[in-house]
Structures are given as C-alpha cells and as structure tokens.
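Novice: For reference, the structure I am asking about is given below.
And the structure:
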C-alpha cells in the first residue's frame, strides 16, 4: 500500500513532490499502521482509497492553482474556478463532445479497435476489483462489524499460534472481561437429520445463545436462542437457515413448533434465519445451541471457536491486554486436562493472538488478490499504451484537418481539449464494454475461485465497483489522450501538424514517442509473462510432490458420524465401523476399505499432542499429530509401509496398545525405520504405553506445499475411547470410483448396518488433490490469461509501430534499393532496429520483474522469485515472437519496387 | 502592525477551512511534526476530523506559502523520533489569523444562539 502511495505521489508537480513527498510517505505509513492496528485491515484499505482521492485533489489544485497564487481556503479556490469559468467551459465541452462523437463515427475501424482493447482491459480490471472490493474492502455483512473480533490464542511454549477457544475460555471471558460487549462460542460441524425421508448429513453451526444478538442478526421467523435453550440438559431447539427451510419445508410459515430429529434427538424448530445470513466458510443449514457444560470444561482444551464484540472505543490492543489478564484466572478456575500437569500448562505460555473477525476470515488471501490486482493494472497500462499508439498515428494522419482548424483561429488549447474529450469518450465507451464483459465473466471467475473465496463475503458489481470502473475509464481515457496532446499539440509543435514540418528532427521525435510506448509494452508484458512463468513452475513443482498416496482418483472418501442415540457405548461405535468396513469391502470391484478419524489428508492438520518416548524419557516430549485409524489405511491410500506391520482388527479390540509412526519420526528419533519397531511411547505419565508396530511413509496431511507433519497413527480402541470422536472418514479404493451406481451401492452397504447413519462430504481423493492445488491453479490461470493478453497487445503494438515506421521510410528504403542495397542486408538493418527497441524493453522488463516478483514470493513453491530458467525462457519467447511480428512488415517493405517507392513521395 | 510577508493582511485569509483552522489550533501551543498534527486533531475532535496525509500537506503547503507557519530548522530537544520528520511552528501572523477566525466563529455562534438554535445532543 505504501509503495503504491509512493508511486501515486508521482502525480504531484515535481517541485511539490520534492519538497513534501517524503514527509507525506512517512505520515501515510504512520496513518495506515495506526488505523490497521486500531480498526483492522479493511479500514486501512478505506484510508488508502480516501488518501488517493485527497492526493488527486491536491495535485489538481497545485497544477491549476499556480497562477494566480492559491488562497488558503481550498473551497474558495474551487468556488472561484466554477464561477469564473463555469458556463463557457461547459458550453465548449458540449461542443467538443459532439465533435468527438462525429469524428469517432467517421473512423469506425479505429474506434472499434480502441473500444475492444480498452473494454478487454477494463473488463478484466473490473472483475478482479469486484473480488478485491467484496473480499478485502467491504466490511462483513453485519451491523457495526468493525467491532467484531475472533478469539484466537497463542502458546509460544509449544510453538502454537492459532489456538481457538473452549467452554472454559467462554465462561471465563464472559464473566471476567472488561472490554467485550458480549462473547460467544461456536462450533462448525455436521449433524444427521433423520425421520421424514432419507437420513441426511447437514452442515451445522452449534453456538451459544449470544451469537445472533452479538452479530446483530434477527431471525426472519420466530426467535433466537435464549439462555435457557443453551443450558445443558435442556430441551433441544433448532433454528433453520433460509435455504434449508425452503428446501426441507418448502418455506412453510407454520414450521415453528414442529420437531426435527437431529443426531437422533428431537429438536423444536424455534426460528428461521433471514435469507442473506452467512457466517461459516460452509453455509450452515441448521443452528443448534452449543450448551457448554461448566462441569466438563477443562484447560487448555481448544475445540471451539470464539467471537466477541468489543465495547465502543476499545482497541484490539486493549482487548488483548484484557485477555492476557484473564488467562491466569482461566487456569485457576478450571481443572487441567487429565494427564497434563499445571506446570506443563504454564509452560505453554498461553496468551492472546486476537484479530479482527474480518482478518480471520480473509486469512492470507489478500496477498494473492493484491498481486492479481497489480498485474491486471499493468495489463490496463499496456492496453492504454496500445491505444495511445493508435491515437498518435491518428493525430498525425489528421495533420491537415488540425492545421485547418488552427488556421481558422482555434488555439492549441482548444485543439488539445477537443482531443482529450475524444479520448475520454473512447475511454468511457471502453469502460461500458468492460462493464458488460465483467458482468459476464465475474460469475465464471467466482465459479473457478469458489474453493478459495470465503462464501461469507459477497462478491458483486456494486456502486463502489461502478465508481471504480468509471474512474479507470476516465483515467485511462485521459492517459492515452494526453500523450498525443503532449507530443503534438503544444504551441511549438502545432506548426508540425500543418504538414510543413517534415524535418528529420520532427520525424525522430515522433519515432521516439512511439518507440518508448513499445518499450513500455514489451517491459510490462515481460513482467507479466515472467510472473505467469513462475506460477507454471510452481504448479509443476506441486505436481511433482509425492503426496504420500497413489492414484487419488481411485479413492472414494466419505464422512460418517455415529450419534450417541445410534450407539451409546464406544465399543459399539468401533464394532459398527468395523462392520461398515466389511460390508463396503464386499462391494464388487472394491480393493480395500479403511477409516481414519478427524480430518482428511491435504485439507487440515489433525490434533497434536505431546508424546514421550520410553528410551528418551529425560528429554522434552514430542509434539506430534495423531490420528485414530483402522487396519488397511495405508494399503487403501497406497502409502508405503516402510517397516513392521499394519494394524489388525485384534489391535482394536485387545488391551495391548499399538501405534504406527511416520517415516520422518522413525528416522529422526531412532535412526532407521526398522529400529523404531518395538519401541514404546505414551501421552502422559498416567496413560498406557503404546508400542510401535510399524512405520508408514510420510503423508502431506496439511497440503501439498506444506511438509509432511510428524504423525502417529493409533489403533482406535476401547481404552482410548474417551479421547476419540464419533466422526470418521472412510476411504474406499476401487477402479469403479466415479462410475454410475457406485455411491448408491456404498449407501446401501452402510444403511444395511444401520439405517440412521447419513453419508456426508462424499468426494474422491482426486478432488481433494485438485483442491490442494486450487489456489495455485487459480492464480496460474488468471496470471496466464493476463500475461497472454499483455503479450498479444504488445505484439499488436510492435506490429503497428513497425508498419507505420516503414511506411514513413518508404522513400528512404526505395533510395537505398535503387542505389544497390541488397534485400538481405536491408532486412537485417530494419530488423536490427526493431530488435534494439525490443531489447531495451526486455532489459527494463527483466529489471522490473526482478523487483516485482519478490512481492509474489509467498505464492511460489519449489522455485525462487529470481529463477533464471524462467527469466531466460520467457525473454527468449518474447524476443522470438516480437521478431516474427516485425518480420512480416519488413518482408513486405523490402519487396516493393524502388521506382514506385520513390514516386510515392 | 508587524510586517507580514507577501503583504497580505490576516483578515484576507478568512474564512479558514476546517483542516487549516485545526492545524493552526494544533500548532498554537507547541511545535509538531506531520503525523503528530493528525493525531492531535483526531484526539481533540474525538475522531470527527481525521486528515489524510495528502489533505494535511495540501494545507501545510498553503500555510507555509502564506507565511502562517514555519518549518523548524532544528528538531525539538529530547525527541527520539524518526530523524527524517520535519517540525512546524505557527508564526505571529498565523496566531493572528487563528485569533481572527476564532472571533469570526464566536460571532457566528452568537448569531445562531440569538436565533435560539441549539445543537442536538448526539
């Protein structure tokens, strides 16, 4: 932002910039830093936009107000200008507008090429800006959302910075805080809804009764949860989302008071949410009370998520200080998680890592979006350069017409203003075309990016986007209109247009202007192409990563949750899961079946816990990710079993506790996989020893671009039951994955074990794999499109300039040929002149890329921002295509008849 | 009467815009750098007037040009702040202009009061 502001300072007159530029940058940096700290990132974005407006006004006043000396009151200056120049200026503007429209109608080819070029670039810019506006600039869709914060914690003692909240935290903060209006705890999970049709798994938001009032959301029908609904053991209540109400109840008004069976228990429907309510990454279909139980709250469990509304005037720093004050109260008020000591909890050094809710939701998406916005901005500049080039040629071609107007008494100011009105009109028409393009492409873009964008924030073409489009249309119209004006319509240059100025120096000046535009186009196109080249290399590197499993498209995954009502005891849960595995294995074409707790590979990390090794009891315990798994998991995923053996069902029912560890852990702790087998580890002093029976290959659980975490796989068993959840992801390897009827067979097999178990999140590992590379492929797609468009525009620019240059030099070329110059030598000479221009562009582009691609380092994987291969390859491609674009006009020119060429003059 | 630069009398500068008057108020009792002026105005007006960097320097430039404020050659002693920051001090003419504007506002306020106009409580 600060860099952009420094660049924007360029619009000030040089003297003002020199005197105040640095001070303005310092103050702006302070301001942004301060606003971001006090009110969050999107408030800082708004300051940036306001700052740009003020800067434009400052520059305008400075440039207009130099003669006579400016008065202090800016409003007076504006008033004077409006009053003194008002009417005549407006009248002349209308005249210019009519004239411009007439001139543009007279040259339909020029007009349509300009509108198409600008429309393409403005359309692309508008689409990306809609996303930036919707995600980064607009506030969350709740009243006074700039007071909402996410209760995130850190524990530097165990290297954790993203710990969420828990019932103990909720109770403590609710009762002891001094800075919150209210606090709520929520969980995002799935629930099974049974009765009245097939059982279904729905997305659920479990929340304490404060959430809806805290977000200032009122239900469309009925009421919010009351404190009584939120008490443990109270009668079940449920609020429906608007979409679920429509889908399941057809929008019936009498739905209130009806009963919905959620997870086997009846829940009374007490409300329906308004249509636009969004709170989670996935749209919640039902809301149920979280009913946190004080008697079963422990420290430092972190299973839930917390949100709070700050009191008016409270800053994030003050809230953090308040949380830091409450953490000792928290540790004193609630029992420590069984197996941990108070000392261990204190050593975690639990502390606040609060952030604005908006920032929590947007995450690190802002990097990608600002980079895309920057690249699209460059494309817009390339397009402007192209149109400016066309304008230059046209202004020259109109020399006679303009000379006539000058002869009739029009001053150069008048001509300049009519030219600028013309190009502004072109810019506006381009903007209109661009808006139409954006309206068509935005839905497609959102579809491609659906995985990446938080669904809580709506991306639309709203008034802010319209204002932005208007501004860039006017701005680019002015930009490409000013270049011919500056070049030709000055008092001294006006004479050149009269047709008598065919001197060497004039023609050289014209070439210089157009050559500089080509240099700029080549340079910008190269920067964009290098950026897309780096993304291609990143994508390749990700594709080359061994995820730890094979043939993902042949693995079907699904989520099953066995409710308390279906199987009250944990042993029954394991037996049901075992039975489901057996039934699924019996389906024709299924090679193997397994399940694992908590989360899927590539999506998210599972829980971590401290494990002490028997042979290293003196040392610090290892913080390792753990998952409860069934036998055959590694066979199903295609993961290598490096040493030892796989689990067997007897491990799950027996009393002997066994584990399998990942290869990295085995090699680091015991030197080799083979020597890990037989070693023992445990969770805490009170928990049983777990014997390592096998070593499995590493799996990239956290995503392809993240290293494989240290993992220990536990056999789900009755002894470990208190730690386990009733949720499991099933994996089914079969060549039939994706074929018709396969899912139906799976469903029948599961329901043959129990008819009230719904299937959730049915997807293949292939889809997960795609999703893991979604952000890279999205950035790659958009950058490549931008790069290709910039290249195409650049080549058109080069072709146009060269054709024009040679037409101007026909006489000289004819002379050279008449004097005996060879075709080959002539071609070489002309081509080398073109390539010189391209080479300057490439050199500038390389320097620009070296500077700018550093900004995208966070998006790269397996390749540096200064990757030589990419830089060389892309430059070579650009030079070759530029040479080809130049060769066509060169060939045409050297084939002309010398006599004809000489006669042409 | 003091010899004012550019031969413009204090009353020629009236009325002052909100940013200009607020900057003069900030500098009326101490020398401040750019960002400190923004902070002082924000604190005094309880966030009602928040200047951007560009508005601030547009006003500072005009104030300097009109001789209502000066840029200090040396930094105030004991300041450990960023060495690149520049400090500004109000001139005697600046003080006169601020006083005249205060008088003008007082008269305006009195007229409103005479007409029984009262601000609504927020």
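Residue numbers (my numbering), protein chains in the order written: chain A, 1 to 905; chain B, 906 to 1027.
Using N, Cα and C, we set each Cβ at its ideal position, and we do this for glycine too.
1. Under 9 angstroms between beta-carbons, which chain B residues line up against residue 24 of chain A? List them in chain order, please.
2. Output needed for residue 245 of chain A: all residues of its chain with C-beta closer than 7 angstroms, excluding positions within five of it in sequence on either side, in chain order.
3. Taking the alpha-carbon of residue 711 of chain A as reference, which of A:746, A:735, A:678 and A:668 has the nearest alpha-carbon?
4. Should residue 1007 of chain B be flagged as near chain A, meaning a C-beta pair shorter than 9 angstroms?
5. Quick one, which of A:860, A:881, A:869 and A:831 has its alpha-carbon nearest residue 892 of chain A's?
6. At what residue ranges does the region 743-801 of chain A contain a whole run of the beta strand (DSSP E), taking only runs of 3 or more?
7. Give me the residue from A:166, A:186 and A:699 with the minimum Cα distance to residue 284 of chain A.
8. Where does the unbroken beta strand (DSSP E) through residue 728 of chain A begin, and where does it stop?
9. Could you tell me which of B:989, B:1022, B:980 and B:1009 sits nearest to residue 915 of chain B, measuring between CA atoms?
10. Can you tell me whether residue 922 of chain A is buried or exposed? The criterion is at least 16 other CB atoms within 10 Å of its CB, across all chains shown.
11. Does the separation of the CB atoms of residue 702 of chain A and residue 611 of chain A fall below 9 angstroms?
12. State yes or no: is the beta carbon of residue 1021 of chain B nearer than 9 angstroms to at least one beta carbon in chain A?
13. At the level of alpha carbons, what is the spacing between residue 498 of chain A and residue 417 of chain A?
14. Can you tell me the Cβ-Cβ gap for residue 211 of chain A and residue 243 of chain A, rounded? I've got them flagged as a contact below 8 angstroms.
15. The region 922-955 of chain B: which residues have C-beta closer than 7 angstroms to a C-beta of chain A, in chain order?
16. Strictly under 9 angstroms for the Cβ-Cβ distance: is residue 67 of chain A near chain B by that measure?
17. Do the CB positions of residue 893 of chain B and residue 62 of chain A come within less than 9 angstroms of each other?
18. Give the C-beta separation of residue 152 of chain A and residue 164 of chain A to the nearest angstrom, bearing in mind that I take them to be a contact with Cβ-Cβ under 8 angstroms.
19. What first and last residue would you give for the alpha helix (DSSP H) that runs through residue 132 of chain A?
20. Using a Cβ-Cβ cut-off of 9 angstroms, state whether residue 965 of chain B counts as contacting chain A.
21. Any beta-carbon of chain B closer than 9 angstroms to the one on residue 20 of chain A?
22. Where does residue 62 of chain A fall in DSSP's three states?
23. For residue 241 of chain A, does the count of other Cβ atoms within 10 angstroms reach 16, so buried, or fall short, so exposed?
24. Using DSSP bridges, identify the partner residues of residue 559 of chain A.
25. For residue 27 of chain A, decide whether its Cβ has a neighbour in chain B, counting only Cβ atoms nearer than 9 angstroms.
26. What do you get for residue 26 of chain A, buried or exposed, if any count of 16 or more other CB atoms within 10 angstroms of its CB means buried?
27. Quick one: residues in its chain with C-beta nearer than 7 angstroms to the C-beta of residue 519 of chain A, no 5 flanking neighbours on either side, listed in chain order?
28. Applying the criterion that 16 or more other CB atoms from any shown protein chain within 10 Å of the CB defines a buried residue, is residue 87 of chain A buried or exposed?
29. For residue 908 of chain A, which residues of its own chain have a beta-carbon under 7 angstroms away from its beta-carbon, when the five flanking residues on both sides are left out?
30. Nearest-angstrom Cα distance between residue 493 of chain A and residue 112 of chain A?
31. Going along the region 988-1017 of chain B in order, which residues come within less than 8 angstroms of chain A, judged by CB to CB distance?
32. With 9 angstroms set as the bound, which would you pick, yes or no: does the beta-carbon of residue 886 of chain A sit closer than that to a beta-carbon of chain B?
33. Going by DSSP in three states, residue 706 of chain A sits in which element: helix, strand or coil?
34. If you follow the alpha helix (DSSP H) that residue 673 of chain A is part of, which residue opens it and which one closes it?
35. What residues in its chain sit with their C-beta under 8 angstroms from that of residue 945 of chain A, if we drop five residues either side in the sequence?
36. So what's residue 203 of chain A in DSSP terms, helix, strand or just coil?
Specialist: In this structure, then:
1. 939, 958, 959, 961 and 962
2. 251, 255 and 272
3. A:668
4. no
5. A:831
6. 759-764
7. A:186
8. 727-734
9. B:1009
10. Look at the range of chain A in this structure, 1 to 905, and you will see that residue 922 of chain A is not part of it.
11. no
12. no
13. Low local confidence applies: a pLDDT of 47 at residue 498 of chain A is under 50, so the model's placement there is unreliable, and no value is given.
14. Between residue 243 of chain A and residue 211 of chain A the Cβ distance is about 19 angstroms, and since that is not below 8 angstroms, they are no contact.
15. 922, 925, 939, 940 and 943
16. Because the pLDDT at residue 67 of chain A is just 35, under 50, the model does not fix this residue reliably, and the value given afterwards should be weighed accordingly. No, its Cβ sits nowhere closer than 9 angstroms to a Cβ of chain B.
17. The question about residue 893 of chain B has no answer, for chain B in this structure spans 906 to 1027.
18. 6 angstroms
19. 108-132
20. yes
21. yes
22. helix
23. buried
24. A:729 and A:760
25. yes
26. buried
27. 837, 840, 841 and 844
28. Confidence in residue 87 of chain A is poor, its pLDDT being 35 and thus under 50, which makes the residue's placement unreliable; the coordinate value appears in the next sentence. Exposed.
29. In the structure as shown, chain A starts at 1 and stops at 905, and residue 908 of chain A therefore has no counterpart that could be examined.
30. No answer about residue 493 of chain A holds up, because its pLDDT of 47 lies below 50 and its placement is not dependable.
31. 989, 990 and 991
32. no
33. coil
34. 673-676
35. Past the edges of chain A, shown from 1 to 905, lies residue 945 of chain A, and the structure says nothing about it.
36. strand
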